[in-house]
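Novice: Handing you this structure, nothing more for now.
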Amino acid sequence: MAGSDAQAVRGRMSELYDVFVDWEGRLAREVPGIRAHLERSGARRVLDVGCGTGRHVQALLAAGYDAHGADASEEMLAQARALVGAERFHAWRLGDEPPADLAAGPPFDAVICMGNTWPLVYTEEDARAAARALRRIVRPGGLVLVGLKALGVRRESGNPYLPLLKRQKDGRPLWFVRFVDFAVPPLADGTIVGDLHVVVAAGDGREGGESEAVLHRTARTRVWMPEELGRWFAAAGFVEVRASGRLDDPGAPPAGEDVFVSARVPPATP
1 MAGSDAQAVR GRMSELYDVF VDWEGRLARE VPGIRAHLER SGARRVLDVG
51 CGTGRHVQAL LAAGYDAHGA DASEEMLAQA RALVGAERFH AWRLGDEPPA
101 DLAAGPPFDA VICMGNTWPL VYTEEDARAA ARALRRIVRP GGLVLVGLKA
151 LGVRRESGNP YLPLLKRQKD GRPLWFVRFV DFAVPPLADG TIVGDLHVVV
201 AAGDGREGGE SEAVLHRTAR TRVWMPEELG RWFAAAGFVE VRASGRLDDP
251 GAPPAGEDVF VSARVPPATP
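Following this note's numbering, the numbering of the sequence shown begins with 1 at its first residue and continues without gaps.
If you want it as structure tokens, here you go:
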């Protein structure tokens with residue numbers, strides 16, 4: 001799947017996104033750590049890149065931040081605008097030039113990018129373009145905070161499966177099966193990639209009940225190792241780069257596949 005398509009959650013998947021994400025639990029885990037990073041950097045104006053349905057933006061607004069969101073999917077943005085308000089959301093695929101409504105506005109104090117958005121910028125060319133765009137829209141000395149699954153750990157373990165999720169919708173169970181096909185050949189420059197599959201099935205098949213496959217979505221993703229990320233952001237021109245295994249503890253070593261990178265845009269030259 002091309003990068004422009006992989007970042008855009010569309011169709012049935014956009015309708016089910018908020019069904020399978022445990023937002024209460026996820027926001028309780030992530031928002032305190034995000035706020036701690038923002039407070040340390042003195043950030044008030046914040047952009048969530050890959051904002052999806054706008055839940056992080058809503059939580060940050062409730063905490064007093066001037067929060068905005070950007071996403072590649074108009075269907076996800078429509079849900080975010082209905083949740084929070086249209087003026088705070090922007091159509092943007094990370095890796096493209098920032099749109100005029102972002103580039104012409106005041107610079108952000110911080111950009112956050114949680115979940116799987118960053119690995120979907122899977123070519124080195126797109127990743128470098130994304131870094132340049134972030135440096136353009138974040139003020140000098142401002143914060144960039146990225147969280148992702150560094151799937152290289154899972155690749156080395158030989159286990160391609162992410163945890164199975166079971167949810168309820170319309171009185172029926174929904175099963176979310178996620179796995180990565182690591183047999184995809186590397187890109188020409190040696191970048192390791194894989195195909196992330198999401199399969200959704202409905203029903204339990206018991207006592208004559210019917211089961212059905214609801215969808216099967218595949219997205220090309222970059223297979224990062226934790227130790228790669230800090231080096232990459234430093235090489236891409238950021239400073240004070242730190243890779244951590246915990247969002248709420250920048251000093252925690254990235255011992256597993258959960259990795260958070262905090263970095264700053266270089267300060268202005270006197």
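Just so you know, even glycine gets a beta-carbon here, dropped at the ideal spot from N, CA and C.
What residue range is occupied by the uninterrupted beta strand (DSSP E) comprising R266?
Specialist: In the sequence on display, residue 266 carries Pro and not Arg. Taken as a continuous stretch (DSSP letters only), P266 belongs to no beta strand (DSSP E), as it is neither H nor E.
Novice: So, are the CB atoms of D66 and R44 less than 8 Å apart?
Specialist: Yes, Cβ-Cβ distance for D66 and R44 is below 8 Å.
Novice: For R178, which option in V200, D189, Q168 has the closest C-alpha, if you only look at C-alpha atoms?
Specialist: Closest option to R178, Cα to Cα, is V200.
Novice: So, for K169: in the same chain, excluding its five sequence neighbours on each side, which residues have a beta-carbon less than 6 Å away from its beta-carbon?
Specialist: Closer than 6 Å at Cβ, skipping near neighbours: V19.
Novice: Pull up the distance between the alpha-carbon of A130 and that of D204, whole angstroms please.
Specialist: Rounded to whole angstroms, A130 to D204 spans 42 Å at the Cα level.
Novice: For a quick check, are the C-beta atoms of R139 and D96 less than 8 Å apart?
Specialist: No; because the gap between Cβ atoms is not below 8 Å, this pair is not in contact.
Novice: Run the CB neighbour count on K149, radius 10 Å, all protein chains shown included, and call it buried at 16 or more, exposed below.
Specialist: When all chains shown are included, K149 counts as buried.
Novice: Are the beta-carbon atoms belonging to R135 and G237 less than 8 Å from one another?
Specialist: Going by C-beta atoms, R135 is nearer than 8 Å to G237.
Novice: Let's test the definition: count the other Cβ atoms within 10 Å of the Cβ of N116 and tell me whether it reaches 16, buried, or not, exposed.
Specialist: So N116 counts as buried.
Novice: Which residues bound the alpha helix (DSSP H) around D18?
Specialist: Taken as a continuous stretch (DSSP letters only), the alpha helix (DSSP H) holding D18 covers 11–20.
Novice: Reducing DSSP to helix, strand and coil, say where P173 ends up.
Specialist: Strand.
Novice: Just to confirm my understanding: we take L27, look at its own chain, exclude 5 residues before and 5 after, and list those with CB closer than 8 Å. What are they?
Specialist: Counting only Cβ-Cβ distances below 8 Å, and skipping sequence neighbours, we find R55, H56, A59.
Novice: Do you know offhand how far H197's Cα is from A70's?
Specialist: So the alpha carbons of these two residues sit roughly 24 Å apart.
Novice: Using the beta-carbon count (16 or more within 10 Å), is E257 buried or exposed?
Specialist: Classification of E257: buried, given that the 10 Å Cβ count is 16 or more.
Novice: Under DSSP, the alpha helix (DSSP H) around P32 begins and ends at which residues?
Specialist: Counting along the chain, the alpha helix (DSSP H) containing P32 begins and ends at 23–41.
Novice: From G142 to G171, what distance separates their C-alpha atoms?
Specialist: So the alpha carbons of these two residues sit roughly 46 Å apart.
Novice: Given this structure, state the Cα-to-Cα distance separating P173 from G25, to the nearest angstrom.
Specialist: Those two C-alpha atoms are separated by around 20 Å.
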